[in-house]
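Novice: One structure coming up, written as C-alpha cells, with questions to follow.
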Amino acid sequence: MELTAYRRRLWINKLAFTATAFCAGITLSVLFFILGYVTIHGLSALNWNFFTQLPKPVGESGGGMANAIAGTFKLIFGASLVGLPIGILGGIYVAEFGKNKTGFFVRYAADIINGVPSIVMGIFAYTMVVLPMKHFSALAGAVALGIMLIPIAVRSTEEFLTLVPMSIREAGLALGLPQWKVILRIVIPTAFRGLLTGVLLDLSRVSGETAPLLFTAFGNRYWGSGWLNPISSLPVMIYTYAVSPYEDWHRQAWAAALVLLIVVLITNVGARLVMRRQVRVS
Amino acid sequence: MKGLLDPREVLTMNPEPLTSSQPAMSSTPSQGIEARHINFWFGPKQVLTDISMKIRPRHVTAIIGPSGCGKSTFIRTLNRMHEVVPSARLEGELLLDGANILELDPVMLRRRIGMVFQKAQPFPTMSIFDNVAAGLRLNGLSNRLQLEHIVEESLRRAALWDEVKDHLEKPGTALSGGQQQRLCIARALAVSPAVLLMDEPCSALDPIATAKIEELILGLKKNYTIVIVTHNMQQAARVSDETAFFLLGELIEFGDTKTIFTLPKDKKTEDYITGRFG
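Going down the list, the protein sequences come from chains G and D.
What the first sequence shows, in my numbering, is residues 1 to 282, in sequence order.
What the second sequence shows, in my numbering, is residues 283 to 560, in sequence order.
Here it is in C-alpha cells:
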C-alpha cells in the first residue's frame with residue numbers, strides 16, 4: 001500500500017517536472033523561432049545599400065533605409081532628453097523618499113502609465129505637440145517616446161537603488177552627512193552600473209515602439225532635418241513596408257526588422273555585461 | 283543650534299594635523315549623555331518604556347539584554363538614527379552635555395556622536411583611504427595633506443594602520459570582516475566625534491577579530507565616550523565600566539559592571555546573566 005503511494009508520488013513528480021520543463025522550452029523556442037525567422041528573411045535583403053541609401057520611389061527596386069536607421073537613433077536620443085531626467089529623478093524620489101503615501105501614489109501612477117497602450121501615448125503627444133504646431137515632427141515623436149520612457153525609468157531606477165542596502169545609507173548618515181550627499185555621493189555611485197543597465201534596458205524597450213510614432217514622427221522618405229520635420233524610423237518603416245503590396249518592400253521590411261532586432265539585442269546584452277561588473281554589495 | 287559648531291569650523295580648527303610632531307587629531311573633550319524618561323514607539327508598538335540613565339564621559343557603557351529588548355533602538359535614539367524609520371516616535375529628553383539632542387541639527391549631532399554598526403559596511407565604491415576620508419571629504423575638506431594625516435591617525439586609533447598602510451588604494455570591501463569593522467571604526471573616528479555608539483560591533487566576527495576590537499575599545503575610552511550594545515555578556519564584562527540591563531523595553535538595572543555581574547540587585551538581571559533565560 002505504502003509502496004504504491006510512493007510510486008504515485010514519484011509519477012506525479014515526474015509529470016509536474018515535465019510540464020514545467022516543457023513550458024520553459026516553449027518560452028525559449030519562441031525567442032529562437034523569432035530570431036531565426038527574422039534572420040532568414042532579413043539577411044537576404046540586407047546589404048550595404050540598406051545602411052547607406054535612401055528608400056527608392058515605388059516601382060524602383062533597391063535602395064535602403066539609412067534615414068530610418070538614423071531617425072530611430074535620433075528619436076531615441078530625443079526621447080532620452082525628455083524622459084530620462086524626469087524618470088531617473090522621479091525614481092530617486094520614490095526609492096529614497098518614497099516610503100509614504102506620495103511614494104505609493106507615484107509608484108502606482110508609474111505602473112498605470114506603463115500599462116497604457118502605446119497608441120494612447122501617441123494620441124496624447126499628437127494632441128500636445130502635433131496639433132498646436134500643425135505638422136508632424138521628430139519632436140512630437142521624441143515627446144511620445146519620452147513620455148513612455150518616464151514610468152519605465154522611474155521603476156528601473158527605483159529597482160536598482162533599492163538594491164543598495166539600507167545599512168550603507170545609515171553608515172553615511174551616521175558620519176554626519178546630509179541625506180542629499182549620502183544619496184548623491186554614496187548611494188548613486190554604488191548603484192551606478194545598475195542604473196546604467198536600467199537605462200539601456202529602458203531605451204531598448206521604447207526603441208521598437210511603432211504606434212506612438214505613427215501620427216507624431218509620421219515618417220519621411222528623405223532625411224528629415226532638424227527636430228521640426230517629420231522623420232523616418234525603423235518601426236514605422238517596417239509597418240509601412242510590410243502592409244504594402246510590393247514584393248521588394250516586403251523583403252526590405254524583413255531587413256529592417258532584423259536591424260531593429262539586432263539593435264535591441266545588442267543593447268540588452270550590453271546592459272547585462274555592464275551589470276555583471278557592478279560593484280558587489282554583500 | 284546653540285553651542286553647536288559650524289562643520290567647516292570643526293574641520294579647520296585642528297591646526298595640529300599640519301605639524302607632525304603633535305597628535306594629528308584632537309578630539310573634542312568627551313561628553314556625557316543623559317536620557318530622561320525616554321518612551322519610544324514604532325507605529326502603535328511601544329518599544330522603550332521610561333528609560334532614564336546617565337552615560338559617563340570617557341567610560342564604556344554596555345547595554346545588554348535579550349533580542350528584541352530595545353537595546354539597539356535605544357542607542358539609535360542617541361544620535362537620532364531612529365529618524366530614518368518614518369513610523370518612529372520618541373518622547374522624553376536626551377541631553378548631550380546639557381544640550382537637548384532632539385533640538386540639535388541631526389547632521390551636526392552625528393558628527394559629535396558617531397556610530398558603528400553590527401555589520402561592517404564599507405562604502406563599496408571607495409578605497410580604504412576614501413572610506414576613512416569620506417566623512418570629511420564629502421563635507422568639503424579637500425586639503426590632501428590634512429586628509430592624509432587624519433586618515434593615518436584614524437586608522438592608527440582603529441588599530442588598522444599597520445595592516446593597510448601599503449595598500450590604501452585597495453577597495454575597502456577587499457578587507458576581511460574584522461578589518462572591515464575596524465575600517466568602519468576608523469571612518470567614524472575621522473570626523474572627530476566625542477561619543478562613539480557601537481551596535482553589536484562584534485556579532486559577525488570570529489573570536490580573534492573580536493578580541494582585537496575589544497582591545498581597541500579599551501584604548502579608545504581614554505578619548506571617547508563609548509556606548510556598546512552587545513548580546514554577549516562576557517564581552518560586556520570584559521570591556522565596560524558600567525552596564526545597563528534591558529528587558530522588554532525597560533531598563534531593569536544599571537550600574538557598575540562588576541556589581542551587575544557579581545551582585546545584581548534585581549532577580550531578572552541575575553536570571554539573565556546566569557543564563558536562566560534569554
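Backbone N, C-alpha and C define an ideal beta-carbon position, used for all residues, glycine too.
Computed from a predicted model, the values in this text were never measured in an experiment.
Just the Cα atoms here: how many angstroms apart are W254 of chain G and V38 of chain G?
Specialist: Cα to Cα, W254 of chain G sits roughly 6 Å from V38 of chain G.
Novice: Note down the Cα distance separating R107 of chain G from L161 of chain G, rounded to an integer number of angstroms.
Specialist: Each residue's Cα considered, the two are about 14 Å apart.
Novice: Give the DSSP-derived three-state secondary structure of V521 of chain D in the structure shown.
Specialist: Helix.
Novice: Just how far apart, CA to CA, sit K540 of chain D and Q516 of chain D?
Specialist: C-alpha separation (whole angstroms): 12 Å.
Novice: Once DSSP output is grouped into helix, strand and coil, what is the label at H319 of chain D?
Specialist: Note: H319 of chain D maps to strand in three-state DSSP.
Novice: Is G557 of chain D close to chain G? Criterion is C-beta to C-beta, closer than 8 Å.
Specialist: False, the Cβ-Cβ gap to chain G never drops below 8 Å.
Novice: Is there contact between the segment 139–158 of chain G and the segment 110–118 of chain G, where contact requires at least three CB pairs shorter than 8 Å?
Specialist: Contact between the segment 139–158 of chain G and the segment 110–118 of chain G is present, because at least three Cβ pairs lie under 8 Å.
Novice: Looking at chain D, which residues of the segment 172–190 of chain G have a Cβ within less than 8 Å of any of its Cβ atoms?
Specialist: For the segment 172–190 of chain G, which is checked against every Cβ of chain D, the residues closer than 8 Å are G172, L173, A174, L175, G176, L177, P178, K181, R185, I186, P189 and T190.
Novice: Alpha carbon to alpha carbon, what distance is there between R392 of chain D and M408 of chain D?
Specialist: Near 21 Å, if we compare the C-alpha coordinates of R392 of chain D and M408 of chain D.
Novice: Against chain G, does K480 of chain D count as a neighbour if the rule is that its beta carbon must be under 8 Å from one of theirs?
Specialist: Note that residue 480 of chain D is Met in the sequence shown here, rather than Lys. No, M480 of chain D lies away from the interface with chain G (no Cβ there is under 8 Å from its Cβ).
Novice: For I238 of chain G, which residues of its own chain have a beta-carbon under 8 Å away from its beta-carbon, when the five flanking residues on both sides are left out?
Specialist: If we look at I238 of chain G and ignore the five residues flanking it on each side, its Cβ neighbours are T210, A253, A256, A257 and L260.
Novice: Which residues of chain G have a Cβ atom closer than 7 Å to the Cβ of Q463 of chain D, listed in chain order?
Specialist: The contacting residues do not exist; Q463 of chain D stays about 12 Å from chain G at best.
Novice: Along the chain, where does the alpha helix (DSSP H) that runs through K334 of chain D open and close?
Specialist: It should be pointed out that residue 334 of chain D corresponds to Ser in this sequence rather than to Lys. S334 of chain D -> not in any alpha helix (DSSP H); beta strand (DSSP E) instead, spanning K327 to I337.
Novice: Rank D:A468, D:L423, D:L450 and D:E365 by C-alpha distance to the C-alpha of R169 of chain G and give the top, closest one.
Specialist: Checking every option, the nearest Cα to that of R169 of chain G belongs to D:E365.
Novice: What does N100 of chain G reach in chain D if we use C-beta pairs closer than 7 Å?
Specialist: Under the 7 Å cutoff, chain D gives P368.
Novice: Comparing the C-beta of F543 of chain D with each C-beta of chain G, is any distance below 8 Å?
Specialist: Taking Cβ atoms only, chain G never reaches closer than 8 Å to F543 of chain D, which makes this a no.
Novice: Which of the three DSSP states is assigned to F136 of chain G in this structure?
Specialist: Coil at F136 of chain G, not helix or strand.
Novice: Whose C-beta lies closer than 8 Å to the C-beta of N49 of chain G among residues of the same chain, with five residues either side of it excluded?
Specialist: Cβ within range, chain order: G62, G63 and G64.
Novice: If the criterion is Cβ atoms closer than 8 Å, does the pair A144 of chain G and T216 of chain G meet it?
Specialist: In this structure, T216 of chain G lies closer than 8 Å to A144 of chain G by Cβ.
Novice: Count the other CB atoms within 10 Å of the CB of W180 of chain G; is the residue buried (16 or more) or exposed (fewer)?
Specialist: With fewer than 16 other Cβ atoms within 10 Å, it is exposed.
Novice: In three-state terms, what does DSSP make of L479 of chain D?
Specialist: Three-state result, L479 of chain D: strand.
Novice: Pull out every residue of the segment 152–168 of chain G whose Cβ sits closer than 9 Å to any Cβ of chain D, in chain order.
Specialist: The segment 152–168 of chain G vs chain D, Cβ under 9 Å: V164, P165, M166, S167 and I168.
Novice: Check for me: the beta strand (DSSP E) holding G98 of chain G runs from which residue to which?
Specialist: Here G98 of chain G belongs to no beta strand (DSSP E), and DSSP marks it neither H nor E.
Novice: Which of helix, strand or coil does DSSP assign to E60 of chain G?
Specialist: Three-state result, E60 of chain G: coil.
Novice: Can you list, in chain order, the residues of its chain with a C-beta nearer than 6 Å to that of R439 of chain D? Leave out the 5 residues immediately preceding and following it.
Specialist: L471.
Novice: Using the Cα positions of G531 of chain D and T331 of chain D, report the straight-line distance between them to the nearest angstrom.
Specialist: Whole-angstrom Cα-Cα distance: 6 Å.
Novice: Here's the rule I'm using: 16 or more other beta-carbon atoms within 10 Å means buried, otherwise exposed. How should A402 of chain D be labelled?
Specialist: It counts as buried.
Novice: Helix or strand or just coil, what does DSSP make of T407 of chain D?
Specialist: Three-state result, T407 of chain D: coil.
Novice: What residues from the segment 429–450 of chain D come within 8 Å of chain G, judged by C-beta to C-beta, listed N to C?
Specialist: Hits within the stretch: zero.
Novice: Strictly by DSSP, which residues pair up with I395 of chain D?
Specialist: Answer by DSSP bridge pairing, in chain order: D:V477.
Novice: Report the CB separation of G172 of chain G from V164 of chain G in whole angstroms; it is logged as a contact under 8 Å.
Specialist: About 11 Å separates the two Cβ atoms, so there is no contact after all.
Novice: Would you tell me roughly how many angstroms separate the C-alpha atoms of A486 of chain D and S207 of chain G, rounded to the nearest one?
Specialist: Rounded to whole angstroms, A486 of chain D to S207 of chain G spans 47 Å at the Cα level.
Novice: Below 6 Å CB to CB, which residues in the same chain sit around K67 of chain G once its five sequence neighbours on both sides are set aside?
Specialist: According to the sequence as given, residue 67 of chain G is Asn; it is not Lys. The answer, listed in chain order, is L54, W223 and S232.
Novice: Along the beta strand (DSSP E) that carries I508 of chain D, what are the first and last residues, could you check?
Specialist: Residues T507 to V511.
Novice: Mapping the DSSP letters down to three states, classify L420 of chain D as helix, strand or coil.
Specialist: It is coil, neither helix nor strand.
Novice: CB P404 of chain D to CB C466 of chain D, shorter than 8 Å?
Specialist: Result yes, Cβ atoms of P404 of chain D and C466 of chain D sit closer than 8 Å.
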